[in-house]
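Numbering that gives the first Met the number 0 applies: residue 0 is where the sequence shown begins, and numbers increase by one.
Positions of the beta carbon are idealized from the N, C-alpha and C atoms, including for glycine.
Note that the structure is predicted; figures quoted are calculated from it, not measured.
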Amino acid sequence: MSRWVSAQLRQTVTIRADFLCEYCLVAEENTFYGCEVDHIISVKHGGSSEVDNLAYACAICNRYKGSDIGSIFWATGEFSRFFNPRTDRWAEHFQLEQEFIKPLTIIGEVTARILEFNDSARLHEREEMIRFGKYPNEVALARMMR
Ligand SMILES: [Zn+2]
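Right, dumping it as structure tokens:
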């Protein structure tokens with residue numbers, strides 16, 4: 000399975016994502032390291048490089064996610080997949096409470112934990128973006144509401 004993503008496909012993914020990280024909903028222009036094309040199901044686990052398996056992710060979410068596809072929900076000991084930006088609604092799994100991205104579901108919990116949505120540096124950064132009206136931006140807010 001190829002992990003290669005053409006420039007055209009990359010552009011399709013970027014535009015579809017409204018230039019947002021589809022996990023933490025930060026706008027690419029407000030990231031230090033930019034955004035990258037993420038394989039939702041990693042190539043290692045048999046995921047394809049088709050557009051339906053691709054998401055736009057900030058470098059930080061993408062680093063923490065790595066080739067993982069989910070984690071253990073420790074309250075029950077069961078495996079849960081991660082949030083899938085192609086098939087899941089953000090608002091169903093997460094809720095923004097000030098700078099904190101609160102998980103609402105088991106999928107939300109494992110995603111927020113492994114992608115470190117709420118580590119102290121990211122909370123501080125999000126707090127600053129909120130203060131300057133940069134988070135959530137208009138398109139991110141729409142994703143948080145629907
Ligand atoms: Zn992100």
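Bridge partners of Ala54, per DSSP? Asp37
Buried versus exposed, by CB contacts within 10 Å (16 or more), His123: exposed
Measuring only from the beta carbon, is Val12 closer than 7 Å to any heavy atom that is part of ligand 1? Not one heavy atom of ligand 1 falls within 7 Å of the beta-carbon of Val12.
Residues bridged to Glu77 (per DSSP): Glu77 is bridged to Phe72.
Distance, Tyr22 Cα to Ser69 Cα: The sequence shown places Gly at residue 69, not Ser. Their Cα atoms are separated by approximately 14 Å.
Whole angstroms is fine: what's the gap from Val50's alpha carbon to Glu115's? Distance between Val50 and Glu115, taken at the CA atoms: about 25 Å.
Euclidean distance between Cα positions of Phe18 and Ala74: 35 Å
Other residues of its chain near Glu108: CB distance less than 8 Å, five sequence neighbours each side excluded: Around Glu108: Phe72, Ser79 and Pro102.
Relative to the C-alpha of Glu126, which candidate in Arg145, Glu96, Met143 and Ala139 has its C-alpha closest? Glu96
Assuming His38 and Leu53 make a contact with CB atoms under 8 Å, what is their CB distance in whole Å? 6 Å
Span of the beta strand (DSSP E) around Leu103: First-last for Leu103: undefined, no H or E at that position.
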